[in-house]
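Same order as they appear, the protein sequences are chains A and B.
The numbering of the first sequence is the working numbering, which starts it at 727 and goes up by one.
The numbering of the second sequence is the working numbering, which starts it at 34 and goes up by one.
Encoded as structure tokens, the structure appears first; notes follow it.
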Amino acid sequence: MPSVMLKKNAEGKLVFYVPKKDLEEVAETVEFDTPEKWGGEVLLSDGSKYYFEPIDGQPDFPVTLRAKRIDSGE
Amino acid sequence: MAALTKEETEALIQEVLEIYPEQARKDRAKHLAVNDQSLEKSNKCITSNRKSQPGVMTIRGCAYAGSKGVVWGPIKDMIHISHGPVGCGQYSRAGRRNYYVGTTGINTFGTMNFTSDFTEKDIVFGGDKKLAKIMTEIEQLFPLNKGISIQSECPIGLIGDDIEAVAKKANKEIGKPVVPVRCEGFRGVSQSLGHHIANDAIRDWVLENRDGDESFPTTPYDVAVIGDYNIGGDAWASRTLLEEMGLRVVAQWSGDGTIAEMEKTPKVKLNLIHCYRSMNYIARHMEEKYKIPWIEYNFFGPTKIAESLRKIAALFDETIQAGAEKVIAKYQAEYDAVIAKYKPRLQGKRVMLYVGGLRPRHVIGAYEDLGMEVVGTGYEFGHNDDYDRTIKEMGNATLIYDDVTGYEFEEFVKRVQPDLIGSGIKEKYIFQKMGIPFRQMHSWDYSGPYHGYDGFAIFARDMDMTLNNPCWKQVKVPWKTDDTSKVAVAAGA
Chain A
727 MPSVMLKKNA EGKLVFYVPK KDLEEVAETV EFDTPEKWGG EVLLSDGSKY
777 YFEPIDGQPD FPVTLRAKRI DSGE
Chain B
34 MAALTKEETE ALIQEVLEIY PEQARKDRAK HLAVNDQSLE KSNKCITSNR
84 KSQPGVMTIR GCAYAGSKGV VWGPIKDMIH ISHGPVGCGQ YSRAGRRNYY
134 VGTTGINTFG TMNFTSDFTE KDIVFGGDKK LAKIMTEIEQ LFPLNKGISI
184 QSECPIGLIG DDIEAVAKKA NKEIGKPVVP VRCEGFRGVS QSLGHHIAND
234 AIRDWVLENR DGDESFPTTP YDVAVIGDYN IGGDAWASRT LLEEMGLRVV
284 AQWSGDGTIA EMEKTPKVKL NLIHCYRSMN YIARHMEEKY KIPWIEYNFF
334 GPTKIAESLR KIAALFDETI QAGAEKVIAK YQAEYDAVIA KYKPRLQGKR
384 VMLYVGGLRP RHVIGAYEDL GMEVVGTGYE FGHNDDYDRT IKEMGNATLI
434 YDDVTGYEFE EFVKRVQPDL IGSGIKEKYI FQKMGIPFRQ MHSWDYSGPY
484 HGYDGFAIFA RDMDMTLNNP CWKQVKVPWK TDDTSKVAVA AGA
């Protein structure tokens with residue numbers, strides 16, 4: 727359950743940062759990414775997958791959230 | 034000598050690794066790599082931020098060095114107590130050349146050493162009382178200090194002193210910020226964790242001091258310079274450029290900085306990060322809490338400076354963008370002259386670097402502006418995000434080494450035969466005795482500043498002065514000189 731710092735980059739894409747692992751990746755897809763609902767499975771550009779509990783409405787980026795790691799992509 | 038090919042570099046790494054016992058070889062192999070620009074992520078080729086192997090000679094520092102020496106030390110109007118035995122503070126005192134303006138001992142304390150000078154008695158009975166007493170004494174002797182930080186040395190964590198409680202009590206008594214920093218040297222694998230701990234201490238004890246206080250008048254052009262430690266005057270050379278393009282520099286973290294500047298930083302519009310490694314933590318925190326964006330910039334060498342000025346200006350309106358162009362144009366004649374003078378003398382020379390923080394990648398541009406080539410680089414305490422940023426800066430098939438050991442570095446140098454090495458004081462005399470020109474790149478070999486356009490002129494002069502110094506022709510021992518020079522000597526005598 728890593729703490730993940732999320733922010734939007736200049737292109738509006740989601741940037742994923744895990745401080746403990748020095749992991750800085752752009753998210754390719756986010757399962758739910760609408761104004762009403764956000765979260766679910768997030769696929770990073772290195773192939774790893776994380777899961778966020780879906781929440782109502784968009785989070786106020788940048789923000790730190792807890793994520794569950796599903797797939798390391800290796 | 035021609036550049037090594039990828040295969041040759043790989044073979045060199047294997048050759049160097051051969052001497053190690055199997056376990057150590059396996060571990061060290063992960064820290065040495067051949068650069069491949071096609072890679073996006075460094076974790077495919079290099080491992081970093083791991084514990085050094087016992088028995089090898091590492092060049093790293095400790096968490097206390099990262100906190101007291103790097104992040105907190107330069108804050109000039111605070112008194113930083115090296116809490117523990119006397120040595121840690123005394124032997125690192127004033128070594129980093131963080132310049133500042135002020136009267137030392139009156140309103141600034143940068144080059145002084147304050148220590149609680151632990152003895153056996155304090156280890157046995159605890160040092161909290163002593164610490165409280167020291168802070169009262171400091172208040173009496175140096176009433177113009179603006180705050181105190183307590184930089185823990187190893188024994189504090191080992192004996193379990195409660196410096197936080199002492200700090201809170203002292204804070205009430207003297208009415209100034211008193212910051213306990215848990216940067217005991219044994220924490221983590223290098224000074225890098227010390228930076229992080231120091232950043233966290235700033236976050237917890239300093240940053241929110243002025244939240245809700247709107248008395249500080251802001252402008253849309255407020256920025257903070259973060260991660261510039263004013264070594265030899267670096268931050269000043271950077272600051273002038275930013276101010277000339279129309280920005281207002283509210284705070285300098287932490288070279289020539291003050292605690293008041295740090296407290297005002299949450300009010301700025303943009304954080305400019307020079308040393309990413311040591312201060313990205315606080316920038317990320319401010320981004321989340323105060324929604325202040327941050328960008329990295331690089332003020333080494335005209336190419337990178339122009340690039341950075343434009344990148345910074347792009348985040349502001351047209352006046353700043355015009356200001357950036359004006360600054361670049363204003364200094365063009367100056368840096369063109371520097372390049373015209375030194376490039377012919379330095380063209381094609383090859384450099385190997387091994388430093389810490391931001392320099393292994395940031396100075397590459399400055400060398401390239403002078404026609405030089407960086408053929409090997411490495412970080413003492415970098416993390417993988419540093420290497421991510423380095424891969425693109427370095428040429429293909431160049432060497433990258435993480436936490437290089439004394440033996441590896443020497444062997445690499447013997448084979449690669451660079452014309453110049455830039456590393457620290459511990460490496461300096463070894464390589465000079467090997468007859469290779471050397472610059473101490475931690476504190477600019479007692480020169481500087483190297484940032485900004487002004488700094489570039491000094492940088493170019495220093496590199497030329499070192500590389501083309503006639504003394505290098507004299508260091509070869511007589512029995513190794515070739516026959517032709519022997520004849521010349523005989524004729525001369």
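Virtual Cβ for every residue (Gly too), placed ideally from N, Cα, C.
Query raised in the report: Can you tell me the Cα-Cα spacing of Y262(B) and V283(B), whole angstroms?
Result: 15 Å
Report task. Please work out which residues of its chain come closer than 6 Å, Cβ to Cβ, to V211(B), disregarding the five sequence neighbours upstream and downstream, and give them in chain order. Result -> I181, A200, A203 and N204
**Report entry** Nonlocal neighbours in the same chain, by C-beta distance under 6 Å from I796(A), ignoring five residues either side
**Finding:** K775 and Y777
**Report entry** chain A within 8 Å of N501(B), Cβ atoms only
**Finding:** no
**Report entry** Meets three-Cβ-pair contact criterion under 8 Å: the segment 469 to 484 of chain B and the segment 492 to 503 of chain B
**Finding:** yes
Query - Neighbourhood of E367(B) by C-beta, 8 Å cutoff - its chain only, sequence neighbours within 5 removed - result: Y486 and A490
Query raised in the report: Can you name the residues of chain B whose CB is closer than 7 Å to the CB of K733(A)?
Result: E320
Query - Test item: CB-CB of V256(B) and A268(B) under 8 Å - result: no
Query raised in the report: With a CB to CB cut of under 6 Å and the five nearest residues on each side skipped, what residues in its chain are close to K162(B)?
Result: none
Requested in this report: Spell out the partners DSSP gives M385(B) in its beta bridges.
Outcome: G409(B) and I454(B)
Requested in this report: Taking 8 Å as the cut-off, decide whether the C-beta atoms of C95(B) and G227(B) are in contact.
Outcome: yes
Requested in this report: Alpha carbon to alpha carbon, how far is W764(A) from M731(A)? Give it in angstroms, no decimals.
Outcome: 15 Å
Requested in this report: Would you give the residue range spanned by the alpha helix (DSSP H) that W269(B) belongs to?
Outcome: D267 to E277
Query raised in the report: Is it the case that the Cβ atoms of V119(B) and T148(B) are separated by a distance below 8 Å?
Result: yes
Query - Partner residues on chain B for D797(A), Cβ-Cβ distance less than 7 Å - result: Correct list: empty, because the minimum Cβ distance to chain B is about 16 Å.
Query raised in the report: With respect to the beta strand (DSSP E) encompassing E751(A), which residues constitute its N-terminal and C-terminal limits?
Result: L749 to D759
Query - Neighbourhood of A526(B) by C-beta distance below 6 Å, restricted to the same chain and skipping five residues each side - result: Reliability of the predicted coordinates at A526(B) is poor, the pLDDT of 49 falling under 50, and no value is obtained from them.
Query raised in the report: Residue range of the beta strand (DSSP E) that P470(B) falls in?
Result: Taken as a continuous stretch (DSSP letters only), P470(B) belongs to no beta strand (DSSP E), as it is neither H nor E.
**Report entry** Contiguous alpha helix (DSSP H) assignments of at least 4 residues, all confined to the segment 52 to 127 of chain B
**Finding:** 55 to 62 and 119 to 124
**Report entry** Option in Y53(B), T137(B) and V437(B) with minimal Cα separation from L174(B)
**Finding:** T137(B)
Query raised in the report: Does V74(B) come within less than 8 Å of chain A when only Cβ atoms are used?
Result: The sequence shown places Lys at residue 74(B), rather than the Val named in the question. Yes, because at least one Cβ of chain A sits closer than 8 Å to the Cβ of K74(B).
Query raised in the report: Name the chain B residues that come within less than 8 Å of T790(A), Cβ to Cβ?
Result: E321
Query raised in the report: Residue range of the beta strand (DSSP E) that T790(A) falls in?
Result: V789 to R792
Query raised in the report: If the cut is a Cβ gap below 7 Å, which residues of chain A does N417(B) touch?
Result: D748
Query - Selected residue, minimal CA-CA separation from G122(B), among Y133(B), D110(B), W105(B) and Y132(B) - result: W105(B)
Query - Touch test, the segment 59 to 69 of chain B against the segment 353 to 373 of chain B, Cβ-Cβ under 8 Å, three pairs minimum - result: no
Query raised in the report: D772(A) versus chain B: which residues are under 7 Å apart at the beta carbon?
Result: K74
Report task. Leaving aside the five residues before and after I52(B) along the sequence, list all residues of the same chain whose C-beta is less than 8 Å from its C-beta, in chain order. Result -> Y440
Requested in this report: Give the secondary structure of E441(B) by DSSP, where H, G and I count as helix, E and B as strand, and everything else as coil.
Outcome: helix
Query raised in the report: Taking the C-alpha atoms as reference points, what is the distance between W286(B) and T152(B)?
Result: 34 Å
Requested in this report: Pull up the distance between the alpha-carbon of E413(B) and that of N68(B), whole angstroms please.
Outcome: 17 Å
Query raised in the report: Per DSSP, what kind of secondary structure is K39(B) in: helix, strand or coil?
Result: helix
Requested in this report: Tell me whether the beta-carbon of G128(B) lies closer than 8 Å to the beta-carbon of A270(B).
Outcome: no
Query raised in the report: Which partner residues of P213(B) appear in the DSSP bridge assignment?
Result: I183(B)
Report task. Mind checking which residues open and close the beta strand (DSSP E) that includes Y434(B)? Result -> L432 to Y434
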